[in-house]
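Following: one structure in structure tokens, then a few remarks.
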Amino acid sequence: MYGRPREVSLRQELRDWEMDLIERVCGDRRFHDVTIFIRHRGDLAMVHKPSDPPGAFWAPAGGLNPRESMGEGVRREAWEETGLDVEVGRYLLRLGALFWAGERTRPWVSHVFSANNPGEPPHPIDIKEVEAAAWVSLERFRLDVVPILRDSGWGRYEYRVHMAGLVFKELGLDPLEVVSA
Numbered sequence: 003m004y005g006r007p008r009e010v011s012l013r014q015e016l017r018d019w020e021m022d023l024i025e026r027v028c029g030d031r032r033f034h035d036v037t038i039f040i041r042h043r044g045d046l047a048m049v050h051k052p053s054d055p056p057g058a059f060w061a062p063a064g065g066l067n068p069r070e071s072m073g074e075g076v077r078r079e080a081w082e083e084t085g086l087d088v089e090v091g092r093y094l095l096r097l098g099a100l101f102w103a104g105e106r107t108r109p110w111v112s113h114v115f116s117a118n119n120p121g122e123p124p125h126p127i128d129i130k131e132v133e134a135a136a137w138v139s140l141e142r143f144r145l146d147v148v149p150i151l152r153d154s155g156w157g158r159y160e161y162r163v164h165m166a167g168l169v170f171k172e173l174g175l176d177p178l179e180v181v182s183a
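The working numbering puts the first residue of the sequence shown at 3, with every later residue one more than the last.
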């Protein structure tokens, strides 16, 4: 329905507290997310969560509900995190990861989709989870946001930067050196 995704796998080191967070939030039931790269003209809808460093933005993402299709989950997560009604595009990537911190490991899969929106202003609906949503130009993402994510030293952000680089390639966008993994 949404095309066959490119399959990629990687290992990503996390800090102990990042692994604690994933285990606390996801428990023993969730080992995946849907991530949505929402586009309008040359911009991406991105979110900033309360625990993020200032200036850190990344693509909306979240888990599927029981019996929810991928398309339903993509539309719901896009709505909850950005307030945008999206048209689901391609299933771009099935990014399998093995997160590790010390002796602990956790398998993870990000199902990454493209989506489009006519360009209304993003605004989070779930304001407990998302502090802000905004259209971020590709240039601002590459030059301003990626260095903030990388400078944090957080493994989850390095994972998201690597994902963005793969997505940019899939969409035929110039990833630039700063986004390359």
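For each residue, glycine too, the CB sits at the ideal point set by N, CA and C.
Proximal residues to residue i (C-beta, below 7 Å), its chain only, five neighbours per side dropped
i: Gly65; result: Arg32, His34, Asp35
i: Ile150; result: Pro55, Gly57, Ala58
i: Ser139; result: Gly44, Asp45
Residue i - partner residues in DSSP beta bridges
i: Leu100; result: Arg13, Pro109
i: Tyr93; result: Phe115
i: Phe39; result: Ser116
i: His125; result: Per DSSP, none; premise fails for His125.
i: His50; result: Ala134
i: His34; result: Val111
i: Gly75; result: Paired residues: none, contrary to the question.
i: Trp60; result: Val49
Buried versus exposed call for residue i [16 or more other C-beta atoms within 10 Å across all chains shown]
i: Gly167; result: buried
i: Arg6; result: exposed
i: Ile129; result: exposed
i: Arg41; result: buried
i: Pro120; result: exposed
i: Pro68; result: exposed
i: Pro52; result: exposed
i: Val2; result: Residue 2 falls outside the range modelled here, since the chain spans only 3 to 183, and no answer is possible.
Close beta carbons around residue i, own chain, < 6 Å, minus the five adjacent residues each side
i: Phe101; result: Gln14, Leu16, Arg108, Trp110
i: Val180; result: Low local confidence applies: a pLDDT of 43 at Val180 is under 50, so the model's placement there is unreliable, with the coordinate-based value given in what follows. Correct list, in chain order: Arg144, Val148.
i: Val76; result: Val36, Ile38, Val90, Phe115
i: Ala209; result: Outside the displayed range of the chain (3 to 183) lies residue 209, so it cannot be described from this structure.
Same chain, Cβ closer than 8 Å to residue i, neighbours up to 5 away in sequence not counted
i: Met72; result: Tyr4, Val36, Leu66, Tyr93, His113, Phe115
**Request:** Say whether the region 157 to 165 touches the region 124 to 142, bearing in mind that this needs 3 or more beta-carbon pairs closer than 8 Å, one atom from each stretch.
**Result:** Counting Cβ pairs under 8 Å, fewer than three are found: no touch.
**Asked** Just checking, does the region 79 to 89 make contact with the region 11 to 22 on the three C-beta pairs under 8 Å criterion?
**Response** Cβ pair count under 8 Å is below three, so no.
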